[in-house]
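*Asks:* I have a structure here, written as structure tokens, and I will follow up with some questions on it.
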Amino acid sequence: MAKQSEKAASFNKNFKARTNRQHSLSFATCVHCGTCNDSCHYYLATGDPKMTPAAKMDKIRKIYKAQNDWLGKILPSWVGGGEIKSDNELEELKDIVFGSCTGCRRCTINCPFGVDTAILVGLARSCLVDEGVAPEGVLHVMKDQWEIGNQMGITPEEYIDTLEWIEEELQDELEDPEYKVPIDKKGADFVYVINPREIKYDPRPLQAAFKIFYIAGLNWTMGSVGWDNTNFGLFSGKADLGGHMGNLAYNHAKKLGVKQMVISECGHGLRSTKWEAPNWGKANPLPFEIISLLEVMVDLINSGKIILDPSRNQYPVTYHDPCNLSRSSGMTEEPRFCLKRSCIDFREMTPNRTDSYCCTGGGGAMSMTEYTPRRLEVAKLKADQIKETGAAICATACHNCVDGLSDLIKKYDLRYEYEDGKSKLVEVPNVCELVANAIVIPKEIRKTEKEIRDAVKGRTILVIDDEPDFVVFLQTLLEDSGFKVLKAGDGNTGLSIAKSKRPDLITLDISMPGKSGVQVYRELRSDDATGSIPVFIITGEVDFRQLMYQKTVQAPEGFLNKPIDKDLFLMTVNKILEKTIRNKHAN
Amino acid sequence: MGDYIIWENLGNGTKLVMNQLHYAGLLFMILAYTVKIYQLLKKPAAAEGTPARGDHKKAIQYAFMTLAMPWEIESQKRHWYRYLEFALFHLAMAVGIGFAFIVPIIPEIMKNPIISIFAQIFFIFGFVIGISRLLRRIVIAEMRTISTPDDMFCLVLLFLWMLSGIFAAPLKSEFWLFSYYCMATFFLFYVPFSKISHYVYFPFIRYYVGKHFGHRGTFPKKNVNSQQLY
């Protein structure tokens, strides 16, 4: 018998020690009937016999057979048994359990026995991670969660900064200058726990949720720590990390004395925080209830605390069921309830609910860039599903799904033809964004709102950026949205045009040759002629937020990192201009 | 039409296999399964300590009932003939087991032509389906990839057992009866080591699957109108 490598021996030892009763049943019961073949998007999209759930699990099952099966111990080849022997085999196993399975559990639901592929993958992942055989992305995120307490390594300053940013946005949108995002508020009914992606890359779902809470008059708070609902304990199979992340959130919620912890729309966030981490972290029983934002919204709609006008979401909407919500948390009806009340045209995707196909971004796949080509190849199945609905919007209730779906929509160029003849890629918002968009603000005077929106059109925007391609890109975006555009390729020209033409808004790059964007910005602010022109910083390199935090520059009216999200960019432009018009009305 | 076997005239070998060896095999299988279940239960079970969203009892019942609800499992819904095949194959096995244990006690029962033809029909089903399952494992790449020698061997044994059952059921040939019991006895000794043991684990895995997905509110699968939520 060939000698096992050191890592292989350690892997085998841990594997044996960690195999529990449920693992054993899932290993021992499979009869290789092939029923699961139809359930796996990896197999269905590729047609590769090695991609069926049973074939993939056999790569793990063989270890169990060699360690536990009576025949497997004496005649392993007869039952397909065999322990891991070499580092190469560990690498092959890594490819299977990290790169070829998102742990979506579609095969589990559709297995006559209920062989739980996801827990077997989790077992193998945990043992591989201990040997350092795992995608770099996973290891990095785990490190960030252990050391910084959130998966994107967001500093407390950055966190607060973004919340303040949203606060200002909502002060404008809600026309309430007193509006505050509560942080560590004692006596709050619930603490809102989120996905760091909402802070780092896309605060729109956060803004939507805060708007809903405000209009419903809820007594809530954000936490200054333990605010990350994501948990790479689930994706790495490491219960110790899972327990650590859960306890960060639970301990802070206990300190705040809240009655509930509300989890933002994040599939694995809800699964790990509500179901798994209390077990991993030995935190049961918790003195508060853990619920999803979806459940909060259903309650608010039912109780009449928020009134929705579905005509505000007039284009066809479909819904993608996130695996961790539909199969692992039983949450299939709440999002539909919200969408059917906030959109005019809701269309079901087929199959749906517990039979929905994975978005391909689950199981931590978004952090494993080495598998992106394979992920996008197998995404064909989901792409076809979305295409068949003919929807303009594919809503979902999970941040991984938002990213996974956005990637596949780009890859397969899924578009919706609008009545004006323009075609746009299918949009992927969270459910709360559509609800927030449909919400009727009690004090809102629609006529004025419409007037303001109309007044925004035709306004002049000066684009200052040294990248000609990017200038053309912004120009096209803005002109297509009805704005007039002035252009400047450097800081001095920009300042000169700003003084002479007095545009309604300036978009400004920070990193430019010659006069830097920061200098230009300071000069714009200090000059009476340009001081009141709103500035929207769009930067690719310099961490401008840091300057704002250090108070070395005045906060601009808008801020976005390159590469930009077109919708977010246009939304911010509109908001800034609408705010300017409102201020003028007020004065 | 030949004559029925005269029970008293059965050869010693047939009697030995039908009675002593067969029951020894059964005893061995019971002991082996007891050990297997003991080994399984010795392993710690993951437990849900969180408040439940669904109903454990209903979900566990549902988990067991899905065996008889092919519409609940996508692949079976789509390939209904595979479900039919599964059902007939397992019924044939049940008839085979019944035959093996009833005949030594009340052989007269097989002299009723209805019962003997009924048994033969199921043995034919078992034989045909067994061969088709074996062929599928050999011919279809997806099935070949996941098949072990044990998978193949079990199917060969089963369809041969069913074949012998077809001829043994009317109780007119001692050769086939002897063959049938030899294989049945071999099964009793071999099954605890093979994948056929899956039926022993079935109640356990469905219990845990039902409990887990019931806890989360996933089982029973929802068939509700979200308009009626809350």
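In the order they appear, the protein sequences are chains A and B.
The numbering of the first sequence is my numbering, which starts it at 49 and goes up by one.
The numbering of the second sequence is my numbering, which starts it at 9 and goes up by one.
Quick reminder that beta carbons are idealized off the backbone N, C-alpha and C, glycines included.
So Gly305/A and Val217/B are supposed to be a Cβ contact under 8 Å. How far apart are they, rounded?
*Replies:* 38 Å between Cβ atoms; not a contact.
*Asks:* Under 9 Å Cβ-Cβ, which residues of chain A neighbour His240/B?
*Replies:* One cannot answer for residue 240/B here, as it falls past the ends of chain B, which runs 9 to 238.
*Asks:* Quick one: does Val127/A have its CB under 7 Å from some CB of chain B?
*Replies:* Yes, contact with chain B.
*Asks:* To the nearest angstrom, how far is the alpha carbon of Ser374/A from that of Met397/A?
*Replies:* 14 Å
*Asks:* At a CB-CB cut-off below 8 Å, which residues of chain B make contact with Glu73/A?
*Replies:* It is Leu, not Glu, that sits at residue 73/A in the sequence shown. Taking a Cβ-Cβ cut-off of 8 Å, the neighbours of Leu73/A in chain B comprise Leu48, Tyr209, Phe212, Ile213, Tyr216, given in sequence order.
*Asks:* DSSP on Ser174/A, reduced to helix/strand/coil?
*Replies:* Residue state, collapsed to three classes: helix.
*Asks:* Go ahead and pull the three-state DSSP assignment for His87/B.
*Replies:* coil
*Asks:* Pick out whichever of Trp328/A, Gly542/A, Arg109/A has its Cα sitting closest to the Cα of Ser564/A.
*Replies:* Gly542/A
*Asks:* Can you tell me where the alpha helix (DSSP H) with Phe221/B in it begins and where it stops?
*Replies:* 206-223
*Asks:* State the DSSP-derived secondary structure class of Met170/B, mapped to helix, strand or coil.
*Replies:* helix
*Asks:* Spell out the partners DSSP gives Gly291/A in its beta bridges.
*Replies:* Paired residue(s): none; Gly291/A is not in a bridge.
*Asks:* Consider the Cβ of Asp63/B: report whether some Cβ of chain A lies at a distance smaller than 7 Å.
*Replies:* Chain A, which has no Cβ nearer than 7 Å to the Cβ of Asp63/B, makes this no.
*Asks:* CB Phe135/B to CB Leu163/B, shorter than 7 Å?
*Replies:* no
*Asks:* Work out the CA separation of Phe197/B and Phe239/B for me, nearest whole Å.
*Replies:* Residue 239/B lies beyond the range of chain B shown here (9 to 238); nothing can be said about it.
*Asks:* By Cβ distance below 6 Å, which residues in the same chain neighbour Ala427/A in space, the five residues on each side in sequence not counted?
*Replies:* Thr408, Leu456
*Asks:* Looking at the secondary structure, which residues open and close the alpha helix (DSSP H) in which Ala331/A lies?
*Replies:* Taken as a continuous stretch (DSSP letters only), Ala331/A belongs to no alpha helix (DSSP H), as it is neither H nor E.
*Asks:* Give a yes or no on whether the minimum CB-CB distance between Asn400/A and chain B is below 7 Å.
*Replies:* no
*Asks:* Report yes if the C-beta distance between Trp15/B and Pro121/B is below 7 Å; otherwise report no.
*Replies:* no
*Asks:* Kindly list the residues whose CB is nearer than 8 Å to the CB of Lys119/B, restricted to its own chain and excluding five residues on each side of it in sequence; keep chain order.
*Replies:* Tyr12, Leu179
*Asks:* Check the Cβ-Cβ distances between Pro228/B and every residue of chain A, and say whether any is below 7 Å.
*Replies:* Residue-level contact by beta carbon fails for Pro228/B and chain A, as no gap is shorter than 7 Å.
*Asks:* Using the beta-carbon count (16 or more within 10 Å), is Gly579/A buried or exposed?
*Replies:* exposed
*Asks:* Which residues does DSSP list as the beta-bridge partners of Glu337/A?
*Replies:* Gln308/A
*Asks:* Would Asp513/A pass as a contact of Val504/A if the rule is Cβ separation under 7 Å?
*Replies:* No. Outside cutoff.
*Asks:* Counting only the same chain and skipping the five closest in sequence on each side, list residues whose C-beta sits under 6 Å from that of Ile355/A.
*Replies:* Val488
*Asks:* Do Ala264/A and Val365/A count as a contact pair if the criterion is CB distance below 7 Å?
*Replies:* no
*Asks:* Under 7 Å, do Ala431/A and Val479/A count as touching if we go by C-beta distance?
*Replies:* No; because the gap between Cβ atoms is not below 7 Å, this pair is not in contact.
*Asks:* Residues in its own chain within less than 7 Å of Asn622/A by CB, not counting five upstream and five downstream?
*Replies:* Taking C-beta separations shorter than 7 Å and ignoring five residues to either side along the sequence, the partners of Asn622/A in its chain run Val504, following chain order.
*Asks:* Can you tell me whether Gln235/B is buried or exposed, with buried defined as 16 or more other CB within 10 angstroms of its CB?
*Replies:* Confidence at Gln235/B is low in this model, with a pLDDT of 45, below 50, so its placement is unreliable and the value that follows should be read with caution. It counts as exposed.
*Asks:* Return the residues of the stretch 298-330 of chain A that lie within a Cβ-Cβ distance of less than 8 Å from chain B, sorted by chain order.
*Replies:* Within the stretch 298-330 of chain A, the qualifying residues are Lys322, Trp323, Pro326, Asn327.
*Asks:* My guess is that Lys191/A and Gln115/A are in contact by the Cβ rule of under 8 Å, so how many angstroms apart are they, rounded?
*Replies:* Not a contact, Cβ separation roughly 31 Å.
*Asks:* Roughly how many whole angstroms lie between the Cα atoms of Tyr597/A and Gly469/A?
*Replies:* Because the pLDDT of Tyr597/A is 47, which lies under 50, any placement of that residue in the model is unreliable, and the number read from its coordinates should be weighed accordingly. Pairing Tyr597/A with Gly469/A, the inter-Cα distance amounts to about 44 Å.
*Asks:* Quick check: His206/B and Val79/A, are their CB atoms within less than 7 Å of each other?
*Replies:* yes
*Asks:* Can you find a CB in chain B that lies within less than 7 Å of the CB of Pro251/A?
*Replies:* no
*Asks:* Do you know how far the Cα of Ser340/A is from the Cα of Val450/A?
*Replies:* Rounded to whole angstroms, the gap between the alpha carbons of Val450/A and Ser340/A is 17 Å.
*Asks:* Evaluate Met26/B with the Cβ neighbour count: other Cβ atoms within 10 Å of its Cβ, from every protein chain shown; 16 or more gives buried, anything less gives exposed.
*Replies:* buried
*Asks:* Where does Asn350/A land, buried or exposed, given buried means 16+ other C-beta within 10 angstroms?
*Replies:* exposed
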